[in-house]
Structures are given as C-alpha cells and as structure tokens.
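Numbering (my numbering), first residue to last: 5 to 359. We treat Cβ as the ideally placed atom computed from N, Cα and C, and that holds for glycine. Because the structure is a prediction, the values reported are computed rather than measured. Please read the structure below before turning to the comments.
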Amino acid sequence: MKVLYVAGREASYSRTRIVAEALRRRGHEVVLRTPPDRRFRHYPRLLLQTLWNAPRCDIVLVGFYGQLLVPFIRLLTWKPIVFDMYITTYDTMVFDRRKARAGTLKARIYGFSDWLSYKAASISILDTDHVIAHFGRLFRVDTGKLRRLFLAVDDSVIHPRQVERETGDLLVHFHGEYTPFHGVRHILRAAKLLEDEGIRFQIVGKGITYEEDMALARELDLGNVVFHDPVPYDELANFMARADICLGIFGDNDRAGLVMTNKVIEAIGMAKPLITEHNQPVQELLKHAESAYLVEPANPEALADAVRTLARDPKLRGEIAANGYAIFQRYCTIEKLGEGLDGIFAEVVPKKAPN
C-alpha cells in the first residue's frame, strides 16, 4: 500500500521512526509528514500536507501525538484513518502530571480530545488490553474500534551485546524522563538501603521530577548512585549493556497502573533481567520470577529486596533475562510491529480486485 504517515512528533522521535521503519520493512510506500519539533504551531502545515497527499494514498496513519490532528484529518479526507494513539492525553495530564483534577473543565477538555480522535479514526491502537478496557470505561465507548499492539523498540540498536565493565560491583540501571509515574524517588531510597552491599546504580536522563529527586539524593547522601545526562539512543544501549539489572517503573499514581513503558521493552530487548512494578499491562506480557521480577509500587524496601535477590542468584538472573528476551523476539521487534499494523490495515482498506 501507499501509506500517508502523519505524526505529531518529529521524524527522529522513537515512536515515529520505529513505525515508519516497520511499514517500510513490510514493503509499503511511506509518505512521511512530520513537524521539525514537538511544538503545536507546526500542525496547520501538517494538515495542509495531508490535504495534498491523502488522495494519492490508500490509507492515512496518524502517529503520536495525534489527538489534535485526527479530527481535522477526518474533515480533509474519507480515506481510512488508523490512529496510533499510543497514550491518552487524559491519563497523562490528569493521572500523571496533575495538570488538572478529574471532573474539572480542563480535565474534560483533555478527555474530549481523546474521545473525539477515537470517534474520527477508523481504528485506534493502544498497547495493552487493560488500557483498552480502561479507555472504554473512562469514555463510555465501545472498544470494538480499538486494537492492541504491544510496544516495539528499535532492535537494530536494542539487542544483547558485550561491553567492557568498569568495576566488579553489581550494577543496576535506570533511564527515563523523570516522569512522576517512574517513581525515581523510590529507586533512590532503595539504593540507600543497598549502599553497603557492593551494589551500584546508574541513572540516565532528566525531566519533570529531576530537581526534587536530586534534592532527595543530596538529603540521602548517596554514595552508590551515579547520575548521567540524557545520551543518544545507541549510547543508552551501551549503558544498559554494562548493567547486571535494569529497572522499569515504581510510581503509585493512577498512570503507573496503566503503562508498559519503553524502558520495560528495552530491558528485555537487551536480554537483561528486569525489575519493575506489577501492574496489569506488564503482566499481559511478562510473568513474575520467570520473565521479569515484579514488585509492589512505591515500595523501596521491596525494590531493594528484589535487587538483593537477583544479586545473590546469578542463575535466576540468567533465566529471567533469557525468558524476557524470548518474549521480546516474539512480540516486540520492529518486524512484529509491522505484522500487527498490516493486520489492522487489512481490516479497513478495501481489497483491490485482481487485474
């Protein structure tokens, strides 16, 4: 097919880049239209490009962040629209970033953007059945227009490799944008509990809770945690390769119960034993003590105990890493994402009659 892929984030953004590559690997011709950066000021130009290109394409795929694009694109074309929703505005802004309280006008506006984009699209994509069911309850809609596709990451970068280690201490890795649901403060408190046990932590990134987490690190006077600024994606893979254990999320807000997150998929894609909080989305893909080690959210003691358990049991670490990597290959590669998108496209694009 000829696919018009309109994304609200730039071409270098991980989700935009991975989806485009998945489509090309499946043999589709991709007409990619993206903004130069994340600012909404570029959206009118994207809509003009859609108006020009849609008539010559078989389908329009709208990528993240597309809630503000999909309704207008529906007004511009009657071609099938598949919306890679990825995450909802409401859950992010109300449950995680606390930009509005549930029930307020502002929260309703956030929710309306999700609902309207869902109504305008032929099919929308979310990453787990749990989130699909949550969407249906939250907006009181039939979930028949929603499809599950597990998160995928760039397996040309995220794959097992050997890199030189700096010390013989056990190394625990975390990376992220310090979003509230990440629960970095719980990682820091767990690190303090393990300070005298030959276990080091490396934390890569910056973001929303960075300043308050740095204040906590100073208060705890941590001697076994090294903080790094954000690094390019290929270098991030090397950071993960040096680690013995990778961490997922540990927050206790409502958003934390609704997400899988890229860092979970990246950890299993690197064939690293993963520790993350148990929630329903993660448990659709991974099983405790088999393909991941799952702990209670917002519980530094439980996290420290999990690190301690894996530190003392290299065999269990190896089994969890191997099983997690097998699941990654089965569900979370670019190839698997492409297969899933093809299946969805087949539902909405009329089959062409043979010549």
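Candidates the options: closest to residue i by CA position
i	options	result
G328	K103, Y297, P318	Y297
D309	I22, R43, I203	I203
L278	F68, F332, S160	F332
L27	V311, F349, R49, K319	F349
S16	D158, R141, R101, C336	D158
V352	L150, D317, H134	L150
K319	L307, A293, Y335, C336	A293
K210	D238, G180, A219, L192	G180
V167	E25, D238, C336	D238
Proximal residues to residue i (C-beta, below 6 angstroms), its chain only, five neighbours per side dropped
i	result
K123	none
F143	W119
Inter-residue spacing [alpha-carbon to alpha-carbon] between residue i and residue j
i	j	result
L137	A247	With the sequence shown as reference, residue 137 is identified as Ala, and Leu is not the correct amino acid for it. Straight-line Cα distance between these residues: approximately 36 angstroms.
T108	H190	30 angstroms
G187	L36	35 angstroms
P280	V7	It should be noted that the sequence gives Thr, not Pro, for residue 280. If you take the alpha carbons of T280 and V7, they lie about 36 angstroms apart.
E223	N303	19 angstroms
R60	K267	37 angstroms
D118	K291	31 angstroms
E199	L79	58 angstroms
V145	Y69	21 angstroms
S126	F87	8 angstroms
S128	R169	43 angstroms
S3	R321	Coverage of the chain is limited to positions 5 through 359, which leaves residue 3 absent and any answer about it impossible.
G172	V311	16 angstroms
N257	K355	45 angstroms
R102	T313	35 angstroms
Proximal residues to residue i (C-beta, below 8 angstroms), its chain only, five neighbours per side dropped
i	result
I77	V10, L51, T54, A58, V64, V66, I85, A124
T213	Y182, T183, P184, H186, V188, R189
E33	M5, K6, V7
E305	A194, L197
Cβ separation of residue i and residue j, assumed to be a contact under 8 angstroms, to the nearest whole Å
i	j	result
D131	F154	6 angstroms
E339	R29	6 angstroms
A275	A325	5 angstroms
F243	H163	With 8 angstroms as the limit, F243 and H163 do not qualify as a contact, their Cβ atoms being about 14 angstroms apart.
L192	L220	6 angstroms
Residues near residue i by beta carbon distance below 7 angstroms, same chain, minus five either side
i	result
Y114	T93, Y94, M97, V98, A104
A195	F205, L226, N228, V229
R165	A245
W82	none
Inset, instruction - Take every Cβ of the region 256 to 272, pair it with every Cβ of the region 222 to 236, and state whether three or more of those distances are shorter than 8 angstroms. - result: no
Inset, instruction - Count the CB pairs spanning the region 221 to 229 and the region 249 to 257 that are closer than 8 angstroms, and state whether there are at least three. - result: no
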